[in-house]
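At position 255 of the sequence shown the residue is numbered 255 (the UniProt record's numbering), and the sequence of numbers has no breaks. Don't be surprised by glycine CBs; every beta carbon is placed ideally from N, CA and C. Being a predicted model, the structure only gives us computed values, none of them experimental. Structure first, commentary second.
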Amino acid sequence: MKLWHKVFLCTFILFELLFNAASFYLIEHNFNLSQQKEIERGLAEQQIVGSQIQTDWAYVYSMDHQLILAGSAQDFIKNNAGKYTRYFDGSRVFVEILDDQDNTVFTNFGDGLSGSRPELAGISSGSRQYILRDIGDKTYLFVSGGLVLDNTDFKLSYIRDISDVYADKSSQVSLFFKMNIAITVILALGLYGLIWFLTRSVRTLNKSAQTIAGGDYSQRVPVLSGDEIGVLATSFNQMAEAVESKVEELEVTARNRQNFINCLTHELKTPLTTIIGYADFLRTAKYNEEVFFKALTYIYMEGKRLESLSFKLLDLLLLGNETPDLTYEDVSAICADIEEAMRPQLEKFSVTLQAELEPGKVLIEQDLFKLLCTNLLDNAAKASAPSSQISLRGRITGDKRYALEIEDEGIGIPEEDIPKIFEPFFVVDKARSKAHHGAGLGLAICAQIVRLHKADLTITSRLGEGTIVRITFPGLYN
């Protein structure tokens, strides 16, 4: 069963229980109040009738004692009791007077009452009691009490038809059932539609979750309200964005890994093919010193290329898992050592290095910093024409950071290739890279070193004019 069905059923059943209980309570409460009013009215009117009879008897007795002696109290009641009933509704209120032997002295209740008379049990002078009796299809209130006239005991019963009270209760119950049917139908339809409308976001969430589970991570849920369901939809969208971002990141990583493997396979295949080919040639060819020396030279060069590739791959692997221990070092002093170490390499390419370094201590790892600068200077030398110049500049920026720049006058980098040059095995000029035994790993290593130092790296380049590599280090020592 769906959630909104459960909410509908639970709400509907709870309302019905409370509504029925409250309605029956009110009907019963009103019935009891009406019944109690009838009882109190009957008690009061029975007392009035009894008091009036006693008052009239006392008045007549005081006015004409001889008249009373000639008759009896029973005669007085028979002759005068009728006048006490004309003040009441003759169709609903009746009076009955019995003597001490329960013989009827007066009654206006039709043909009188027969059979058991529980309302008369235990009545004595000065006492009163009431009882409700069903006679035929009507309900009567009997209020009975003792009456003493001329030392003679009588029983005065006040009889009131209260069938209207029960009829009102029955009509209220009948009306309630009719109203309940109408309210139930209206409530069921209204509640069903309202809950269906309020839970539309939950259904949308469910559909979106199924869509995302099917692989469409761009799916989002419209936020239709600001309540808890709206907050849930917002959180779901945030989760979907995070999942989409992670999936895209994983896809990029998988593509890069596959590209890395493809490039690595290609880079290994070329020198190995050369080495195997020349080795097989040396194994089968007749000895010729010049030919043998040339073949061995190719084997040596390809072997050095494999060695360089393996070292760079190892550096890249280690940098990916390394957490360097950074210390404050004087950049200008380290760059002076780098300049001296790179001199033979620069002379090999017939380029000069112009260094202008402002002293400053930066939070770095010395060996990684040297590797970073060496790779960048090596790339600059390989891209430069003979007799050109490479500039190495360092200065403190206005925001108290240290900016290191390496500028060459080389061939430059196409603008569309700049975002790709930090990818492993990517090379701009494959012919030039192959001539210098390059594998396209140097800038990938540099990017990793910059990341470990939490520095910023930017490249500006124009074809045929040269390239500027700018690295801005945080953590300048004050």
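- Shown here, leucine 272 sits in a helix according to DSSP, grouped into three states.
- With contacts defined as CB atoms closer than 8 Å, valine 331 and glycine 394 qualify as a contacting pair.
- One thing to note: leucine 224 has its Cβ within 8 Å of the Cβ of arginine 200.
- Under the three-state reduction of DSSP output, glutamine 101 falls in the coil class, being neither helix nor strand.
- The beta carbons of isoleucine 468 and glutamate 405 sit closer together than 8 Å.
- Serine 461 sits buried, since 16 or more C-beta atoms from the chains shown fall within 10 Å of its C-beta.
- Annotation: isoleucine 131 to isoleucine 162 spans about 12 Å, alpha carbon to alpha carbon.
- Distance from the CA of alanine 21 to the CA of asparagine 180, rounded to the nearest whole angstrom, comes to 12 Å.
- Around the beta carbon of histidine 29, a 10 Å sphere encloses fewer than 16 other beta carbons of the protein chains shown; the residue is thus reported as exposed.
- Here the alpha carbon of lysine 304 sits roughly 26 Å from the alpha carbon of lysine 420.
- In this chain, the beta strand (DSSP E) harbouring aspartate 161 covers 152-161.
- The closest CA to that of isoleucine 48, considering only Phe8, Phe31, Thr85, Asp75, is found on Thr85.
- CA-to-CA, the gap between tyrosine 158 and serine 174 works out to about 31 Å.
- Between the alpha carbons of threonine 107 and glutamate 40 lies a gap of roughly 22 Å.
- If you draw a 10 Å sphere on the C-beta of cysteine 335, you find 16 or more other C-beta atoms in it, and that means buried.
- When C-beta atoms of the stretch 52-60 are compared with those of the stretch 146-154, three or more pairs fall below 8 Å, so the two segments count as touching.
- Per the Cβ contact rule, the stretch 188-207 is in contact with the stretch 2-22 (3 or more Cβ pairs under 8 Å).
- Under the DSSP assignment, phenylalanine 88 falls outside any alpha helix (DSSP H); it carries neither an H nor an E label.
- For threonine 397, no alpha helix (DSSP H) segment is defined, and its DSSP state is neither H nor E.
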